[in-house]
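Trainee:
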Amino acid sequence: MLATAAVGASRHVQKLLRQCGSVHYPNQLHAHLVVHGSLHTVASQESQILASYCALSAGGGGHGGLCYARDLFDIMPDPNRFMYNNNLIRAYCNSHCPQETLRLHRGMIQRSILPNEFTLPFVLKVCARTQAWEHV
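Set out below in structure tokens:
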């Protein structure tokens with residue numbers, strides 16, 4: 008029963024995040040989940056909010072979405088490979104500060120999270136853009 012309610016809540020959060028057109032709405036949803044203590048009840052909710060911030064920054068929402076994404080990511084106790092690759096590494100790779108991709112890649116390895124086939128193309132793209140070949 009509790010697991011079913013959590014999955015339903017996660018789907019509801021996902022639906023709300025898809026409707027977000029600016030950073031303001033994920034901020035409100037994130038604040039609501041934190042205040043009501045339900046952010047950590049379903050691990051995917053943090054990931055969904057993180058993905059929403061990153062998507063907003065990539066979709067013309069500006070650098071603000073990426074700043075919020077990074078702030079949220081930095082307080083996550085156990086970010087996983089998906090959070091690194093599909094969210095932050097990709098977003099930073101296409102941002103005005105691509106070298107942050109390399110810092111995230113280093114942090115990923117330091118946390119013993121092995122990169123996968125999605126990580127390397129972003130890292131190589133940034134190395135080519137910034138000429139940071141010593142990273143590879």
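Numbering (our numbering), first residue to last: 8 to 143.
Beta carbons: idealized from backbone N, C-alpha and C, even for Gly.
1) Which residue's Cα is closest to the Cα of residue 126: 81, 80, 58 and 99?
2) CA-CA distance, residue 37 and residue 86?
3) From what residue to what residue does the alpha helix (DSSP H) around residue 128 run?
4) Using the Cβ count rule (16 or more neighbours within 10 Å means buried), how would you classify residue 53?
5) Can you give the Cα-Cα distance for residue 82 and residue 90, rounded to whole angstroms?
6) So what does DSSP say about residue 120, is it helix, strand or coil?
Mentor: According to the structure data:
1) 99
2) 17 Å
3) 126-137
4) buried
5) 13 Å
6) coil
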